[in-house]
Amino acid sequence: MSQSLASLIDHTQLKADTQEDKIISLCEEAKTYQFASVCVNPVWVKKAAELLANSGVDVCTVIGFPLGASTPETKAFETTNAIENGATEVDMVINIGALKDGNDALVEADMRAVAEAAKGKALTKVILETCLLTDDEKVRACELAVKAGLDFVKTSTGFSTGNATVEDVTLMRKTVGDKAGVKASGGVRSLEDAQAMVQAGATRIGASAGVKIVEGEKADSDY
C-alpha cells in the first residue's frame, strides 16, 4: 500500500444517487487509509463531519457543481453553509462561460466570493474544467485563481467531456509555481495514473477509486 500517496487523495463520492451507506463506507475507508479528505456533495457534509470527527481526515465539498453557472452570491452562500455544516475544504467550479468570453473581472470576482467566504475557515480549490478550455484559458484561469487567493487549482469535475491529463497538470503547475497547489481529478483510476499526476506537479488527487489506487489495483470509475 502507498501510504504517502494516500495522504494526497480526496476520497470522492459525488454521484447523484449516492445513499447514506455509501457515505458511511467512504468515511470508514478514509479513516482506515488516512486519506487527505472525503469529497462529498453538500447534503452529506454534516454526516461526513460526524463520522470523521477527530479522525484527522478533512471534509471536502463542492460549490457551484458541476457547471459553475451559479452566481458569485450563490457560491458564497453555499460555501458559508458548507462550513457551518462541518466542511473544512471546498472545491468550487469557475464561471467557464465568463472565462471563455474574456470576462476576467467576473471570473475573479466569482473566485474571490468563495475565497472570502472561506477565509480562515476552509481550504479552497477551484475547478477549471480543463477539457473545455484552450491552453491560454487554462493559464488565465490559474493566474486569476492565484490573484483571487485560492489555495488550489483543480483540473476537472469528472462530469464533463474529459478528465485530468498529465499535460494539463504540468501546465497548471508551471503557471501557479509555488503559489498554489494543483489537484488532478477525473479519470485517475490506478496507482500509475496517480503517480504520473504527482510527478507532473499535482499535490492532491481527487478520485473515487482511492482504495484501489493505494492498493495498486485499477478501477473503472470515471471519477
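Taking this note's numbering, the leading residue of the sequence shown gets 971, the next gets one more, and so forth.
The beta-carbon is built from N, C-alpha and C at its ideal position, and this holds for glycine as well.
As the structure is a computational prediction, the values presented were derived from the model and not from experiment.
Going by beta carbons, residue 1109 and residue 1141 fall inside the 9 Å limit.
Here residue 989 carries a coil assignment [DSSP, helix/strand/coil].
Beta-carbon to beta-carbon, residue 1101 and residue 1131 are separated by about 5 Å, close enough to satisfy the 8 Å threshold. Cβ contact annotation for residue 1143 (same chain, cutoff 6 Å, sequence separation greater than five): 1152, 1171, in chain order.
Within the segment 1129–1171, complete alpha helix (DSSP H) segments of at least 4 residues are found at 1136–1146, 1161–1170, given in chain order. Separation of residue 992 and residue 1010 (C-alpha to C-alpha, rounded to the nearest whole angstrom) is 10 Å. Non-local beta-carbon contacts of residue 1085 in its own chain, meaning distances under 7 Å to residues more than five positions away in sequence, involve 1094, 1118, 1119, 1120 in chain order. Residue environment analysis places residue 974 among the exposed positions, since fewer than 16 neighbouring C-beta atoms fall within 10 angstroms of its C-beta. In the DSSP assignment, residue 1054 falls within the alpha helix (DSSP H) that extends over 1042–1054. With fewer than 16 other Cβ atoms inside 10 Å of its own Cβ, residue 1039 counts as exposed.
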